[in-house]
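K.L.:
Using the working numbering, you'd call the opening residue of the sequence shown number 132 and step up by one each time.
Note that CB positions come from ideal geometry on N, CA and C, so glycine has one too.
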Amino acid sequence: DYRALWITRISAAVEARGMRYSRFIAGLKAATIDLNRKMLSEIAIHDPATFDRLVAEATQALEASAKAAA
Numbered sequence: 132d133y134r135a136l137w138i139t140r141i142s143a144a145v146e147a148r149g150m151r152y153s154r155f156i157a158g159l160k161a162a163t164i165d166l167n168r169k170m171l172s173e174i175a176i177h178d179p180a181t182f183d184r185l186v187a188e189a190t191q192a193l194e195a196s197a198k199a200a201a
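1. Distance check for A175 and A143, CA to CA, integer angstroms please.
2. Does the Cβ-Cβ distance between F182 and R134 come in under 9 Å?
3. Taking the runs of the alpha helix (DSSP H) that are 4 residues or longer, which of them lie wholly in the segment 135 to 161?
4. How big is the Cα-Cα spacing for S196 and A161?
5. I need the straight-line Cα distance from E188 to H177, nearest angstrom please.
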């Protein structure tokens, strides 16, 4: 099943950057970044700098969401 492979790859890439997969996906949704798991997996493998920016965007969106809720 490719979906499981993509999720495993994304999870490994995100964990290497100090975040959990579920938080990353929630952060992307909060940042209104709409990429499917196949594309996220490809970016994680072939363009680490862009993946770093996606993680940063997800983190910022989660922080902004937490501040808005407080």
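P.N.:
A quick look at the data gives this:
1. Rounded to whole angstroms, A143 to A175 spans 9 Å at the Cα level.
2. Not in contact: F182 and R134 (Cβ atoms no closer than 9 Å).
3. For the segment 135 to 161, whole alpha helix (DSSP H) runs of length 4 or above, ordered along the chain, are 152 to 161.
4. The straight-line gap from Cα to Cα measures roughly 7 Å.
5. CA-CA distance, E188 to H177, rounds to 19 Å.
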